[in-house]
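To start, the structure under review is shown below, and the notes come after it.
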Amino acid sequence: MPIIRGHRLDGHVLGTKAVPPECILDSHENVCPNPLYDGWLAIDQLQLGWLFSTLTVNIAAQMTTCKTSAALWRAITELVGTNTRSRITFLKIEFQQLRKGSLKMHEYLAKIKALSDNLTLARCPLSLTDLITQTLAGLDSDYTPIVVILTE
Numbered sequence: 001m002p003i004i005r006g007h008r009l010d011g012h013v014l015g016t017k018a019v020p021p022e023c024i025l026d027s028h029e030n031v032c033p034n035p036l037y038d039g040w041l042a043i044d045q046l047q048l049g050w051l052f053s054t055l056t057v058n059i060a061a062q063m064t065t066c067k068t069s070a071a072l073w074r075a076i077t078e079l080v081g082t083n084t085r086s087r088i089t090f091l092k093i094e095f096q097q098l099r100k101g102s103l104k105m106h107e108y109l110a111k112i113k114a115l116s117d118n119l120t121l122a123r124c125p126l127s128l129t130d131l132i133t134q135t136l137a138g139l140d141s142d143y144t145p146i147v148v149i150l151t152e
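For what it's worth, full-length UniProt numbering labels the leading residue of the sequence shown as 1, then goes sequentially.
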C-alpha cells in the first residue's frame, strides 16, 4: 500500500476514485469515447497487472475474474482476512496447549515468544497478563513452588 499511496493511486484499488463514464455526448449530441475513462482505464489496468504480478500462481489463478484493481484488491483482502482469522485461531490453540514438558527452559520460552510474536503480526497481540498466565500454566510440577510465589 505505501507504493500505491506514494503514486497517488490508492483511489483505484480502494474504489474511492470514481470511474468516469465510458462514453460522453459531444457538442452535437453524438456519443463518443470519454478520454477521462481511457486515462482511468489505462492506470487501472497497469495497476491490475502489477498487483497480479505480485501474487503466487495459485492465488492469481483464483483471482482471474477480477477485471479492475479495486475488484482484485477486495478479493485479496477477503482471502487474507480469512487466512488471518484461521491462522489466529490455530496460533491461539497452539499457545494454549503449549507445555514445557521435556523442552529446556530456553526452548519453551522461545516457543512462547514466537507464538506471541506471530499473534502480534496477525494483529491479535496477547495481553501481558495472558502471556504470563499461559507461560506459568505450561510449566510442569517441578516449577510449582516458583509459580505459587509468582502468583501470590
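Virtual Cβ for every residue (Gly too), placed ideally from N, Cα, C.
In terms of residues, what are the limits of the beta strand (DSSP E) holding residue i?
i, result
"L25", "C23 to L25"
State the DSSP-derived secondary structure class of residue i, mapped to helix, strand or coil.
i, result
"P125", "coil"
"P20", "coil"
Can you tell me the Cα-Cα spacing of residue i and residue j, whole angstroms?
i, j, result
"D117", "P125", "8 Å"
"Q134", "S69", "43 Å"
"L48", "I149", "59 Å"
"A137", "L121", "24 Å"
"L79", "Q62", "10 Å"
"T56", "R87", "19 Å"
"L98", "I132", "13 Å"
"E94", "I3", "35 Å"
"M1", "S102", "44 Å"
"T144", "R85", "35 Å"
"K67", "L9", "17 Å"
"M105", "T77", "39 Å"
"Q96", "R123", "18 Å"
"L109", "V147", "15 Å"
"N58", "T64", "11 Å"
"R74", "G6", "20 Å"
"D142", "K111", "19 Å"
My guess is that residue i and residue j are in contact by the Cβ rule of under 8 Å, so how many angstroms apart are they, rounded?
i, j, result
"P21", "N34", "6 Å"
"F52", "A42", "About 16 Å separates the two Cβ atoms, so there is no contact after all."
"L119", "L139", "About 20 Å separates the two Cβ atoms, so there is no contact after all."
"C32", "D26", "5 Å"
"V19", "W40", "6 Å"
Starting from residue i, follow the alpha helix (DSSP H) in both directions and report where the run begins and ends.
i, result
"L98", "Run containing L98: none; DSSP gives neither H nor E here."
"D10", "D10 to L14"
"Y37", "P35 to S53"
"L150", "T144 to T151"
Within the stretch 57 to 93, ranges of the alpha helix (DSSP H) (whole runs, at least 4 residues): Entirely contained in the stretch 57 to 93, the alpha helix (DSSP H) runs reaching 4 residues are, in chain order, 57 to 62.
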